[in-house]
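What follows is one structure encoded as structure tokens, with my remarks underneath.
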Amino acid sequence: MEELKKAVKQFAKERDWEKYHSPKNLVMGLSVEVGELMELFLWLSDEESKNLGQTKLNHLKEEIGDVMVYLVNLADKFGLDPIECAMAKLEINEKKYPSHLVKGSAKKYNEYSQS
1 MEELKKAVKQ
11 FAKERDWEKY
21 HSPKNLVMGL
31 SVEVGELMEL
41 FLWLSDEESK
51 NLGQTKLNHL
61 KEEIGDVMVY
71 LVNLADKFGL
81 DPIECAMAKL
91 EINEKKYPSH
101 LVKGSAKKYN
111 EYSQS
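Using the numbering used here, read the sequence shown as starting at 1 and increasing by one per residue.
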């Protein structure tokens, strides 16, 4: 993660783009990239979405890369580690969605009994 963070910083610095990378702009850019990621799957059936051809798979790799770059850049603006953020969120979700209560269910945490 550190290597990626350094590469993202260097990329922006070499182009004098840091001035454009406010948290607001990074979140908006992230949203655009997530939209492009979603567009790859638009109108595909569930089965088609599991079996992308090589061209779409290559495009998927690029879009995942774009999303990661924006996330890493945004997290860095606040001194956060994206991996630590994800691990902490998984811990929260473990409590919200105990496997013995929610296994096999797509309900939201407030739609099942905690008994």
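For every residue, glycine included, the Cβ atom is placed at its ideal position computed from N, Cα and C.
For residue i and residue j, what's the separation of their Cα atoms in angstroms?
i	j	result
THR55	ILE92	37 Å
TYR70	TRP17	13 Å
LYS19	SER105	45 Å
LYS13	TRP43	39 Å
GLY53	GLU47	12 Å
MET68	VAL34	10 Å
CYS85	LYS24	19 Å
LYS9	GLY29	16 Å
LEU90	LEU60	24 Å
When DSSP labels each residue in this structure, what does residue i get in the three-state scheme?
i	result
LYS89	helix
MET1	coil
SER22	coil
GLY29	helix
TYR112	coil
ALA106	coil
LEU80	coil
Of the choices the options, whose alpha-carbon is the least far from that of residue i?
i	options	result
LEU74	LYS6, LYS61 and HIS21	HIS21
LEU63	LEU37, LYS24, LYS103 and LYS108	In the sequence as displayed, the identity of residue 63 is Glu instead of Leu. Of the listed residues, the one whose Cα sits closest to GLU63 is LEU37.
MET1	LEU80, LEU60 and GLU94	LEU80
Determine the extent of the alpha helix (DSSP H) in which residue i is found, giving its start and end residues.
i	result
TYR70	54 to 77
SER49	46 to 50
LEU101	99 to 102
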